[in-house]
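K.L.:
The opening position of the sequence shown corresponds to residue 29 in my numbering, with each subsequent residue numbered one higher.
Every residue gets a Cβ at the ideal spot worked out from N, C-alpha and C, and that includes glycine.
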Amino acid sequence: MQVAVTIAAAREAALRAGKAGLRVGLVPTMGALHPGHVALIEESRRLTDFTAVSIFVNPTQFGPGEDYDRYPRALAEDLRACEAAGADLVFHPSAEEMYPRGTAAATFVEVPALSRVFEGAIRPTHFRGVATVVLALFEILRPDVAVFGQKDFQQQALLRRMTADLHLATTIVTHPIVREPDGLAMSSRNVYLTPEQRRAALSLHQGLEAARLAVVAGEADADRVRRILRAPIESQKEATLDYAEVVDAETLGKLDHIETGRSAVALVAARFGTTRLIDNVRLTE
Ligand code: PAF
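#1: What is the rounded straight-line gap between the Cα of residue 86 and the Cα of residue 120?
#2: When the distance is taken between beta carbons, is residue 91 closer than 7 Å to residue 151?
#3: Is it true that the CB of residue 117 sits closer than 7 Å to the CB of residue 159?
#4: Can you check which of these residues, 156, 167, 131, is closest to residue 195 by C-alpha distance?
#5: Say yes only if the C-beta of residue 218 is nearer than 6 Å to one or more non-hydrogen atoms of the ligand PAF, and no if none qualify.
#6: Closer than 6 Å is what we want: which residues have a beta carbon that near any heavy atom of the ligand PAF? List them in chain order.
#7: Closest by CA to residue 136, which one among 157, 130, 128?
#8: Could you please give me the residues that DSSP links to residue 140 through a beta bridge?
#9: Pick out the complete alpha helix (DSSP H) segments inside the region 70 to 150, 4 residues or longer, and give them in chain order.
#10: Using CA coordinates, which residue listed in 187, 130, 95 is at the minimum distance from residue 139?
#11: Once you ignore the five residues that flank residue 278 on each side, which residues in its own chain have a CB closer than 7 Å to its CB?
#12: Return yes when the Cβ of residue 63 is within less than 7 Å of the Cβ of residue 206, no when it is not.
#13: Flag this pair as touching only if the region 288 to 303 and the region 198 to 205 have three or more C-beta atom pairs under 8 Å; answer yes or no.
#14: So, helix, strand or coil for residue 273, using DSSP?
#15: Is residue 221 closer than 7 Å to residue 300 when the C-beta atoms are compared?
#16: Please say whether residue 260 and residue 281 have beta carbons closer to each other than 7 Å?
#17: Assuming residue 55 and residue 46 make a contact with CB atoms under 8 Å, what is their CB distance in whole Å?
#18: Would the C-beta of residue 168 count as close to the ligand MN, meaning under 6 Å from any of its heavy atoms?
#19: Here's the rule: buried if 16 or more other CB atoms are within 10 angstroms of the residue's CB, otherwise exposed. What is residue 192?
#20: Apart from the five residues on each side of it in sequence, which residues of its chain come closer than 6 Å, Cβ to Cβ, to residue 115?
#21: Have a look at residue 217 and residue 249 and give me their C-alpha separation to the nearest angstrom.
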């Protein structure tokens, strides 16, 4: 496994793989890798011949006062995890390498239709930072396929839109959420939770599962599904609900009715102390 810290070295390694006829896969990450990330690397290896993993805590997707400085960083363990998962290349640039002129006056890419709601309403500059860094990574590594986790549902919807709107050659693959045995979605931020908050955070999965089962049983009224989704979370005193919504999976527009043939997803976000967690479930295929 090659480790590249410069754009030139990463570009050269991916280009060489492409020229050798290998299909290149990319798993963009911010490090602090957990089994959810390993599943993304495995998915990339299944779909392609050469897997690059980027490890970069991207400053432009954190707003003022957010956890950029304290975001978990664990490079040595991450490199071991990438090697064990069979990655071919790890790209681990510095912030100066990615933003040589600083972040304040950088060029940004925006997907306005999907970046102002939900996570974007709470974190107004988050998605332009995500879209910008992902586009830069696509340009550096020219992946045939890029694999993202379904946990960040809005992120993958927005990156699909960016890829379509800009006619990018990369195919976006969304991998299902990887959960702890008790149902909590794996997240690099779970390490911040106290034991009580960790217990309360299970209510996210409980609400989503109750909503999904209600739809399976024939409930089509989106407001009733929202109430079912919210109830377990609102009953936790450790939890502050930010949103619990039922939306179209592509446009993220709020739904009145859940219909077969239209992709619906339930999205939740809640704070447990200072830790914000998100989760989701598809309500229809
Ligand atoms: O999902 C993440 O970890 C980040 O938002 C991403 C896609 C690596 C961009 O920094």
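P.N.:
The structure says:
#1: Residue numbering aside, residue 86 sits at position 58 when the sequence shown is read from its first letter. Residue numbering aside, residue 120 sits at position 92 when the sequence shown is read from its first letter. Cα to Cα, the separation comes out at about 11 Å.
#2: Working through the sequence shown from its first residue, we reach residue 151 at position 123. Working through the sequence shown from its first residue, we reach residue 91 at position 63. The answer is yes: Cβ separation under 7 Å.
#3: Here residue 159 refers to the residue found at position 131 when the sequence shown is read from its first residue. Here residue 117 refers to the residue found at position 89 when the sequence shown is read from its first residue. Not closer than 7 Å, so no.
#4: Translated into the one-based positions of the sequence shown, residue 195 becomes position 167. The residue with the shortest Cα to Cα distance from residue 195 is 167.
#5: Sequence index remark: in the sequence shown, residue 218 carries index 190 (1-based). No - the ligand PAF has no heavy atom lying nearer than 6 Å to the Cβ of residue 218.
#6: Near the ligand PAF, meaning a Cβ closer than 6 Å to any of its heavy atoms, lie the following residues in chain order: 56, 57, 58, 86, 89, 158, 161, 162, 180, 183.
#7: Within the sequence shown, numbered from 1, the residue matching residue 136 stands at position 108. It is 157.
#8: For the purposes of this step, residue 140 is taken as the residue at position 112 of the sequence shown. Bridge partners of residue 140: none, in fact.
#9: The DSSP assignment places 103 to 113, 123 to 126, 140 to 143, 147 to 150 as complete runs of the alpha helix (DSSP H) inside the region 70 to 150, in order along the chain (cut-off: 4 residues).
#10: By one-based count along the sequence shown, residue 139 stands at place 111. Proximity to residue 139 across 187, 130, 95 peaks at 187, based on C-alpha coordinates.
#11: If you number the sequence shown from 1, residue 278 lands on position 250. Take residue 278, set aside five residues on each side of it, and the residues of its chain with a beta-carbon closer than 7 Å to its own are 185, 291, in chain order.
#12: For this step, residue 206 is matched to residue 178 along the sequence shown. For this step, residue 63 is matched to residue 35 along the sequence shown. For residue 206 and residue 63, yes; Cβs fall inside 7 Å.
#13: Contact between the region 288 to 303 and the region 198 to 205 is absent: fewer than 3 CB-CB pairs across the two stretches fall below 8 Å.
#14: Looking up residue 273 in the sequence shown gives position 245. DSSP places residue 273 within a strand segment (E or B) once states are collapsed to three.
#15: Here residue 300 is taken as the residue at index 272 of the sequence shown, counted from 1. Here residue 221 is taken as the residue at index 193 of the sequence shown, counted from 1. Residue 300 places its beta carbon less than 7 Å from that of residue 221.
#16: Reading the sequence shown from its first residue, position 253 is the one you call residue 281. Reading the sequence shown from its first residue, position 232 is the one you call residue 260. Against a cut-off of 7 Å, the Cβ pair of residue 260 and residue 281 comes out as no contact.
#17: Position 27 of the sequence shown holds residue 55. Position 18 of the sequence shown holds residue 46. Between the beta-carbon of residue 55 and that of residue 46 there is about 17 Å, and that puts the pair past the 8 Å contact cut.
#18: Summarising the ligand content, the structure contains the ligand PAF and does not contain the ligand MN.
#19: The residue you call residue 192 lines up with position 164 of the sequence shown. Of the residues assessed, residue 192 falls on the exposed side of the cut-off, its CB having fewer than 16 other CB atoms within 10 angstroms.
#20: Translated into the one-based positions of the sequence shown, residue 115 becomes position 87. Excluding its 5 nearest sequence neighbours in each direction, residue 115 has C-beta neighbours in its own chain below 6 Å: 29, 69, 79, 81, listed in chain order.
#21: Here the question's residue 217 lines up with position 189 in the sequence shown. Here the question's residue 249 lines up with position 221 in the sequence shown. C-alpha separation (whole angstroms): 33 Å.
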